[in-house]
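Novice: Here you go, one structure.
Number of protein chains: 4
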Amino acid sequence: MNSQNPLFIPGPTNIPDTIRKACDMPVIDHRSAAFAEILNPARANVRAVLRSESAEIFLFTATGTAGWEVALTNTLSSGDRVLAVRNGMFSQRWVAMAERLGLDVLVIDVPWGEDIPAERIADALADDNGHAIKAVLATHNETATGVTSDIAAVRAAIDGAGHTALLFVDGVSSIGSMDFRMDDWGIDVAVAGSQKGFMLPSGLAILGFSAKAMAATEEAELNRVFLDVRDMAASYAKGGYPYTPAVGLLNGLRVSSAMLLEEGLANVFARHARIADGVRAAVAAWNLPLCAARPEICSDTVSAIRTPEGFDAGRIVDHAMAKYGVAFGVGLGQLAGKAFRIGHLGSLTDVMTLGGIAAAEMAMSDLGLPIRPGAGVAAAQEVYRADRPVRAAAA
Amino acid sequence: MNSQNPLFIPGPTNIPDTIRKACDMPVIDHRSAAFAEILNPARANVRAVLRSESAEIFLFTATGTAGWEVALTNTLSSGDRVLAVRNGMFSQRWVAMAERLGLDVLVIDVPWGEDIPAERIADALADDNGHAIKAVLATHNETATGVTSDIAAVRAAIDGAGHTALLFVDGVSSIGSMDFRMDDWGIDVAVAGSQKGFMLPSGLAILGFSAKAMAATEEAELNRVFLDVRDMAASYAKGGYPYTPAVGLLNGLRVSSAMLLEEGLANVFARHARIADGVRAAVAAWNLPLCAARPEICSDTVSAIRTPEGFDAGRIVDHAMAKYGVAFGVGLGQLAGKAFRIGHLGSLTDVMTLGGIAAAEMAMSDLGLPIRPGAGVAAAQEVYRADRPVRAAAA
Amino acid sequence: MNSQNPLFIPGPTNIPDTIRKACDMPVIDHRSAAFAEILNPARANVRAVLRSESAEIFLFTATGTAGWEVALTNTLSSGDRVLAVRNGMFSQRWVAMAERLGLDVLVIDVPWGEDIPAERIADALADDNGHAIKAVLATHNETATGVTSDIAAVRAAIDGAGHTALLFVDGVSSIGSMDFRMDDWGIDVAVAGSQKGFMLPSGLAILGFSAKAMAATEEAELNRVFLDVRDMAASYAKGGYPYTPAVGLLNGLRVSSAMLLEEGLANVFARHARIADGVRAAVAAWNLPLCAARPEICSDTVSAIRTPEGFDAGRIVDHAMAKYGVAFGVGLGQLAGKAFRIGHLGSLTDVMTLGGIAAAEMAMSDLGLPIRPGAGVAAAQEVYRADRPVRAAAA
Amino acid sequence: MNSQNPLFIPGPTNIPDTIRKACDMPVIDHRSAAFAEILNPARANVRAVLRSESAEIFLFTATGTAGWEVALTNTLSSGDRVLAVRNGMFSQRWVAMAERLGLDVLVIDVPWGEDIPAERIADALADDNGHAIKAVLATHNETATGVTSDIAAVRAAIDGAGHTALLFVDGVSSIGSMDFRMDDWGIDVAVAGSQKGFMLPSGLAILGFSAKAMAATEEAELNRVFLDVRDMAASYAKGGYPYTPAVGLLNGLRVSSAMLLEEGLANVFARHARIADGVRAAVAAWNLPLCAARPEICSDTVSAIRTPEGFDAGRIVDHAMAKYGVAFGVGLGQLAGKAFRIGHLGSLTDVMTLGGIAAAEMAMSDLGLPIRPGAGVAAAQEVYRADRPVRAAAA
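Protein chains in written order, with UniProt numbering: chain A, 1 to 395; chain B, 1 to 395; chain C, 1 to 395; chain D, 1 to 395.
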């Protein structure tokens, strides 16, 4: 009887009924005109969610991980140098992928919990007189640590260095939930997945390519076929798809992206900020530190919470599931056993979140952590009663 | 974005996904053998949920209100005298129905919040030397006041008086959630609906008839056709239904009743008792009185909570929906404006309930009631952490 | 693997995916404003489908059989005389219901297969100088025989006799599929169900009451509570429902009735006429007679087909299900064993219908009837290729 | 109102209701134990459908096209030589992919409509003294031409030549519908997709790897990350998945593969053979040639039908959709305009197929082809009435 509890993992998120029904479609002929009536608005809506006027939008029947690979293989050649910041498990995985693909990855390592240091990017690019660096890889929201970075600052660093590198941004756990501006921030490739802000099941890699990135696809020599955006672009031009697509997911994306736009992106972001503020207020009431190094870089989609030295944080996740039927995220990589994560993105309400906070504090109390039950809930209630976003969202 | 909040009205309840899918059936031919494979197990399962060995089970495509009418019109004739206890809005409605059907209703009125006074039933029956009283109408669980009555005591009163009256029990908001024993308690007609303990949408009136009640159907002269159990019985005998049934709901009932039996009725009741204990602990922490006059008659499926004199309780319900998207029940009848209700039956988890409690206390605080946010949640958490039913359920 | 075959019973019909999803709703609070947003458009749409400007529309959580009872018990008193035509199983059942309810039923019997003889109604009313006849009961479409009657002619007969009797019309298997005009035809109570032209599961009785019928409800003394339109009207006036309704079905009705109106009733009727013409062409090619006595009274929603003397028509139905997984309707009442029925209403396409025709002719050939496989299909194909309604639909 | 027609494209196929519901899951935590309870039986069932005892089964959140790429990139290195037969559009695409990935593809071209010439494979391998050929690529069922090849003969050719090449088989449109024996035929990599015999939406690439293929993954140097089976294998070993999977599709696969096994593969194949025989009988009645060069190589999942010289076959597909709402497949590549295709795989019944045949002949007649309506249907009916597979299926 636990199946109706909301999820508090940082994706996949709870799926609204409307979106589930949009995905659960009878099969149509994907070579018929009916398919274009799904694909075209889905692409247009995604472009609007990315806040781009002109990005090419690609929707692969794959996952966000494939999205990273699309970005790299479609724009780069073996041995190309890229610059990447590593501040958590997901940025680390992207670095590892780039290395496995034969790229020469220059890594800026910062402690997990920190955000992207734009000044170090600026320095690295300034040192790169020959413009050997072809691309900068930036993770907008590090899902492992709950840290959001300032992509506008990264763009400013690139521009300040007068550098030609492309800017690739992993927005898997930010796009559709937090302020993201492809055009304003000069992003060349934006990577998203279906199962986070878009509130869908996993199964789509969602990408935006700038004109500059599109130009790079002509030179890129890394192998790709299934993930080749050129095949995708050629098919889109005819209202089709290069192979049999996951039509139901695309229809779900058409609907979910329309929901986001109808709510208004600023409102969507404010809602996430309000929900996140409540979670952070609860964490403060628990006297537990967030992994995020500073308040202003805390993520509005996931909070990674450090547990006391000597306590295995994984026990919270196991116990909350076993006793209360609630899923939280474990600590990943160097945070394994040292942190647990509360996902708070997608289709969540204040009330659902309060249930999750209550579950977390029961689990922690049960396990002997000095958490006063109700304390976190009360702190979050104060935020939610205030009836306004405490952190202003983008206009 | 509020649509995913659980409901806290005393029915209809939240519907588990499995049950929604069982209801959402492709159409079948209800005159084919496939229909009997739905109807027969549904009836057998309901009989087990009623804890009867031999009751005739009738499943009408109608609602619980129709169920009351089935009980009366199939067993009684115009002018027949019935004895009823009125202790809330739903018992009052049954009385009113009986009167509109031309029955002579002897009413025992008790203050709302009280349970059925078995001794007064005993007295009334003792006075009825000629056995003019044909039936006793008892509401097992008064949904308006959150009061559960002792049906075994009613049976003892009837037996003690050596009276032949039939015993009709409205178990709409108890059956499938609280201990209910058709055979042990000598119930002649048990009335349930699909949308409470059975966790289905509204649309089925569910009845159990004892052999004695079946015998009464031969003499009963009140008009009925659509609600005639004799037509139903005749069709069942052939694996069919006297008209086109709501097949999907019957299939849902087949599945949901099987779920209850698989969980074990004792476990189902213990779960409801634990959830209810948490709600009551929260109410106590709020320093608000329940409508129920005494702790031992508090319902495990709904709590009716009195608000302070001069405060319109309906504002809590309106505000909780408007600001937090959570549905509570209003006070009904003489409790209108004086109480609000938290339904806690069907498919609910501790965590969902904590969200509802949190919503109620936010709403009350917002409206100026002296509720400390988090207080009710903390009290309920203590109950839920204990990991055992505080009030023992039936073995 | 037969489950995906369409049904060819005369209701319930195949349910389009959109309508199934509209029915499969998460539970809402039926006392909240959200419910009125379902109920009100559903009622308005039904009024338009009935082609009435001002009828009161009642939507009971029940079935079409209950709808008959609503018509009778809300307008009549015990012993009232009604005039009814009996020309098939469903008109017979309505007569039987009226008799069981204590009405004095004057029956005009015509052979099954004939339509309503308006002149005999005229005669009966002319003989009724005292206007003892309170209502005329007419079955618009006899589902047992596949015969449609001329309700305008019945109205003309009543008016011609200067009689005050109310006109009750069973439109269960015609409304939403065939021309039906509540206002133009002076119908006082129109009865429909959810599971035919409205393409929904069974579970709603759908009624239209004229002002004259509404007036009669004040005088009517037959017992009714669950089916009392006055309670319904009082609740509707407050945006509510007198008890817990089948919200999902009402939402489905809101959607399905909107679909009918959007397609345009004339187009819906033309579609049914075209499909029916194809079926009739197939039956002619099989050299089998329809039960309908004359071509101009053939129903556009169901065809009842007589099989040769000495052949048990039920075998076709059993065999088609057992071997081909296709459901046809059996002969009912005096047609049992002598006819089988092909339902062709609701959401059916030419192509689905051709599959059904092909199945029928395979079954008949298998059983030794002198049917040439393909003959009926070819005849129907000719109709469907013509791409126009052969019988003109209402403008 | 055409939306309920079955599809007659060669995939995606019609999806049974049970499978749609299995896919339409509430989100679960894919890092929890619940996920392994989906993944593990899905993999075990697929292994059984492939008729393998020990193949490693990989389920990628991608499509069949990605499956081809998985086969190549996980086992080969740049410049490796592979041998491929090209006899239709899909084999041609696999060749093109191999070339784009930098492989040296030795192509055996045969006319479209022919099957794989095992003797020419034998010759090519015999010539390859140095065993430069690392793999043989064989398309079991050419979806473009409706031709099934004899994979056992290919295996015999490899063995006869004493060659060490791996055998990769595209079974996208055969696996789950036609006899396929991974172990018996010595297949090293089998490629399937979710949207054909498995009756699911598109979105999964389904692969079986032999031990020899697994060994090759250690040497293979082609780039792959998202599609790397080693990451997949490592995650499976822990009950997980290397990234966020399409859990609903995996659950659908668990259910659909269980349905196939419960029906019995021999029965599934016989069913497809019977349905296909009916389609072929219809085509013969139309006096149109199949693209397949000989009867014994005709596919049981798709029939490609040549239209008369000078007639644009695409018009049939367009017209059938526009007028009758039925989807057929167009001719692809060199068959564009010269053939159309009827898909007959997955969840289809005789009766649904007869509807499709009827639609095709109406469309062809409408367009002036000398087709007698009903002729094809009658021919197919004869097959379906026979109630036995005309071509024996595998035991």
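The C-beta atom is built at its ideal place from N, Cα and C for all residues, glycine as well. These numbers come from a predicted model, not from an experiment.
Check whether the stretch 330-342 of chain D touches the stretch 182-199 of chain D, counting contact only when three or more Cβ pairs, one atom from each stretch, lie closer than 8 Å.
Specialist: no
Novice: Judging by CA-CA distance, which residue of D:317, D:378, D:156 is the nearest neighbour of residue 363 (chain D)?
Specialist: Here residue 363 (chain D) is taken as the residue at index 363 of the fourth sequence, counted from 1. For the options D:317, D:378, D:156, the alpha carbon positioned closest to that of residue 363 (chain D) is the one of D:317.
Novice: Establish whether the CB of residue 29 (chain A) and some CB of chain C are separated by less than 8 Å.
Specialist: As a working note, residue 29 (chain A) is residue 29 in the first sequence. Output row for residue 29 (chain A): interface = no.
Novice: If I measure Cβ to Cβ from residue 127 (chain C) and keep anything under 6 Å in the same chain, skipping five residues before and after, which residues do I get?
Specialist: On the third sequence, position 127 is the one that residue 127 (chain C) refers to. So the list is empty, once near-sequence residues are dropped.
Novice: Please return the same chain residues whose Cβ sits closer than 7 Å to the Cβ of residue 16 (chain D), not counting the five positions on each side in sequence.
Specialist: Position 16 of the fourth sequence, counted from the first residue, corresponds to residue 16 (chain D). If we look at residue 16 (chain D) and ignore the five residues flanking it on each side, its Cβ neighbours are 199, 347.
Novice: Using only the alpha-carbon positions, how far apart do residue 265 (chain A) and residue 49 (chain A) sit?
Specialist: As a first step, residue 265 (chain A) is located in the first sequence; it is residue number 265 there, counting from the start. As a first step, residue 49 (chain A) is located in the first sequence; it is residue number 49 there, counting from the start. If you take the alpha carbons of residue 265 (chain A) and residue 49 (chain A), they lie about 7 Å apart.
Novice: Use the C-beta contact count for residue 392 (chain C): other C-beta atoms within 10 angstroms, 16 or more gives buried, fewer gives exposed.
Specialist: Walking along the third sequence from the start, residue 392 (chain C) turns up at place 392. Below a pLDDT of 50, predicted positions are generally treated as unreliable, and residue 392 (chain C), at 34, falls in that range; no measurement from the model is reported.
Novice: Between the stretch 10-28 of chain D and chain B, which residues of the former have CB atoms less than 7 Å from a CB of the latter, in chain order?
Specialist: Look at the stretch 10-28 of chain D: the residues with a C-beta under 7 Å from a C-beta of chain B are 17, 21, 26.
Novice: Take the Cβ of residue 215 (chain C) as the centre, count every other Cβ of all protein chains shown within 10 Å, and call the residue buried at 16 or more, exposed below.
Specialist: One-based indexing of the third sequence puts residue 215 (chain C) at position 215. By the neighbour-count rule (16 or more Cβ atoms within 10 Å), residue 215 (chain C) is not buried but exposed.
Novice: Can you check which of these residues, C:354, C:345, C:380, C:324, is closest to residue 366 (chain C) by C-alpha distance?
Specialist: Residue 366 (chain C) sits at position 366 when you count from the first residue of the third sequence. Of the candidates C:354, C:345, C:380, C:324, the one whose C-alpha sits nearest the C-alpha of residue 366 (chain C) is C:324.
Novice: Which runs of the alpha helix (DSSP H) spanning at least 4 residues fall entirely within the stretch 336-380 of chain D, listed in chain order?
Specialist: Fully enclosed alpha helix (DSSP H) runs of 4 or longer: 350-366.
Novice: Below 8 Å on the Cβ atoms is my guess for residue 61 (chain C) versus residue 202 (chain B); work out the distance and round it to an integer in Å.
Specialist: By 1-based counting over the third sequence, the position of residue 61 (chain C) is 61. By 1-based counting over the second sequence, the position of residue 202 (chain B) is 202. Indeed they touch by this definition, with Cβ atoms about 6 Å apart.
Novice: In or out: residue 338 (chain B) buried (at least 16 other Cβ within 10 Å) or exposed?
Specialist: In the second sequence, the residue the question calls residue 338 (chain B) occupies position 338. That one is buried.
Novice: Measure the Cβ-Cβ separation of residue 144 (chain A) and residue 209 (chain A) and say whether it is below 8 Å.
Specialist: Here residue 144 (chain A) refers to the residue found at position 144 of the first sequence. Here residue 209 (chain A) refers to the residue found at position 209 of the first sequence. The answer is no: Cβ separation not under 8 Å.
Novice: Does any CB atom of chain D fall closer than 8 Å to the CB of residue 288 (chain C)?
Specialist: The residue given as residue 288 (chain C) occupies position 288 in the third sequence. So no, residue 288 (chain C) is outside the interface.
Novice: State buried or exposed for residue 221 (chain D), treating a residue as buried only when at least 16 other CB atoms are found within 10 Å of its CB.
Specialist: In the fourth sequence, residue 221 (chain D) corresponds to position 221, counting from 1. Under the 10 Å beta carbon count, residue 221 (chain D) is surrounded by fewer than 16 other beta carbons and is classified as exposed.
Novice: Please report the residue range of the beta strand (DSSP E) in which residue 134 (chain D) lies.
Specialist: Within the fourth sequence, residue 134 (chain D) is the residue found at index 134, counting from 1. That run of the beta strand (DSSP E) goes 133-139.
Novice: In whole angstroms, give me the CA-to-CA distance for residue 233 (chain C) and residue 59 (chain C).
Specialist: Residue 233 (chain C) sits at position 233 when you count from the first residue of the third sequence. Residue 59 (chain C) sits at position 59 when you count from the first residue of the third sequence. Cα to Cα, the separation comes out at about 10 Å.
Novice: Could you tell me whether the Cβ atoms of residue 178 (chain B) and residue 141 (chain B) are closer together than 8 Å?
Specialist: As a first step, residue 178 (chain B) is located in the second sequence; it is residue number 178 there, counting from the start. As a first step, residue 141 (chain B) is located in the second sequence; it is residue number 141 there, counting from the start. Yes, they are a contact pair.
Novice: Mind checking the stretch 229-245 of chain B against chain C and listing, in chain order, the residues whose C-beta falls within less than 9 Å of any C-beta there?
Specialist: 242, 243, 244, 245
Novice: Give a yes or no on whether the minimum CB-CB distance between residue 247 (chain C) and chain D is below 8 Å.
Specialist: Residue 247 (chain C) sits at position 247 when you count from the first residue of the third sequence. No, residue 247 (chain C) lies away from the interface with chain D (no Cβ there is under 8 Å from its Cβ).
Novice: Among A:72, A:34, A:281, A:190, whose alpha-carbon lies nearest the alpha-carbon of residue 386 (chain A)?
Specialist: Numbered from its first residue, the first sequence carries residue 386 (chain A) at position 386. Cα-wise, what sits closest to residue 386 (chain A) is A:281.
Novice: Can you list, in chain order, the residues of its chain with a C-beta nearer than 6 Å to that of residue 361 (chain A)? Leave out the 5 residues immediately preceding and following it.
Specialist: The residue labelled residue 361 (chain A) in the question sits at position 361 within the first sequence. Once the five neighbours on either side are set aside, the close Cβ partners of residue 361 (chain A) are 371, 373, 376.
Novice: If the cut-off is 8 Å on Cβ atoms, which residues from the stretch 146-180 of chain A count as contacting chain D, listed in chain order?
Specialist: none
Novice: With a Cβ-Cβ cutoff of 8 Å, do residue 85 (chain A) and residue 110 (chain A) count as a contact?
Specialist: The residue given as residue 85 (chain A) occupies position 85 in the first sequence. The residue given as residue 110 (chain A) occupies position 110 in the first sequence. In contact: residue 85 (chain A) and residue 110 (chain A) (Cβ atoms closer than 8 Å).
Novice: Could you round the C-beta distance between residue 207 (chain B) and residue 189 (chain B) to whole angstroms and report it? I think they count as a contact, below 8 Å.
Specialist: Within the second sequence, residue 207 (chain B) is the residue found at index 207, counting from 1. Within the second sequence, residue 189 (chain B) is the residue found at index 189, counting from 1. Rounded, the Cβ-Cβ distance is 6 Å, consistent with contact.
Novice: Hey, is residue 301 (chain C)'s beta-carbon within less than 8 Å of any beta-carbon in chain B?
Specialist: Locating residue 301 (chain C) in the third sequence gives position 301, counting from the first residue. No, no contact with chain B.
Novice: Taking residue 196 (chain A) and residue 11 (chain A) to be in contact with their CB atoms under 8 Å, please state how far apart those CB atoms are, rounded to whole angstroms.
Specialist: As a working mapping, residue 196 (chain A) is identified with position 196 in the first sequence. As a working mapping, residue 11 (chain A) is identified with position 11 in the first sequence. The Cβ separation is near 4 Å, so the contact holds.
Novice: Exposed or buried, residue 13 (chain D), counting other C-beta atoms within 10 Å across all chains shown (16 or more means buried)?
Specialist: Counting from one through the fourth sequence, the residue named residue 13 (chain D) turns up at place 13. Under this definition residue 13 (chain D) is a buried residue.
Novice: So residue 48 (chain B) is in the beta strand (DSSP E); what residue range does that whole segment cover?
Specialist: Start at 1 with the first residue of the second sequence, and residue 48 (chain B) comes out as number 48. Counting along the chain, residue 48 (chain B) falls outside any beta strand (DSSP E), though it belongs to the alpha helix (DSSP H) covering 33-49.
Novice: Taking C-beta pairs closer than 8 Å, name the residues in chain B that residue 81 (chain C) reaches, listed in chain order.
Specialist: Here residue 81 (chain C) corresponds to residue number 81 of the third sequence, with the count starting at 1. Going along chain B, no residue has its Cβ under 8 Å from residue 81 (chain C), so there is no contact; the nearest lies around 17 Å.
Novice: Quick one: residues in its chain with C-beta nearer than 8 Å to the C-beta of residue 34 (chain D), no 5 flanking neighbours on either side, listed in chain order?
Specialist: Taking the fourth sequence and counting its residues from 1, one reaches residue 34 (chain D) at position 34. Excluding residues within five positions, the ones whose Cβ falls inside 8 Å are 28.
Novice: Does the stretch 98-118 of chain B touch the stretch 72-86 of chain B, meaning 3 or more C-beta pairs lie closer than 8 Å?
Specialist: yes
Novice: Answer with yes or no whether the minimum CB distance from residue 347 (chain D) to chain E is below 8 Å.
Specialist: No chain E is part of this structure, whose protein chains are labelled A, B, C and D.
Novice: For residue 19 (chain D), which residues in the same chain have their Cβ closer than 7 Å to its Cβ, ignoring the five residues on either side in sequence?
Specialist: Indexing the fourth sequence from 1 puts residue 19 (chain D) at position 19. Within the same chain, residue 19 (chain D) has close Cβ partners 199, 200, 252, 255, 256.
Novice: Report the rounded CA-to-CA distance for residue 42 (chain B) versus residue 65 (chain B), giving the unit in angstroms.
Specialist: Reading the second sequence from its first residue, position 42 is the one you call residue 42 (chain B). Reading the second sequence from its first residue, position 65 is the one you call residue 65 (chain B). The straight-line gap from Cα to Cα measures roughly 20 Å.
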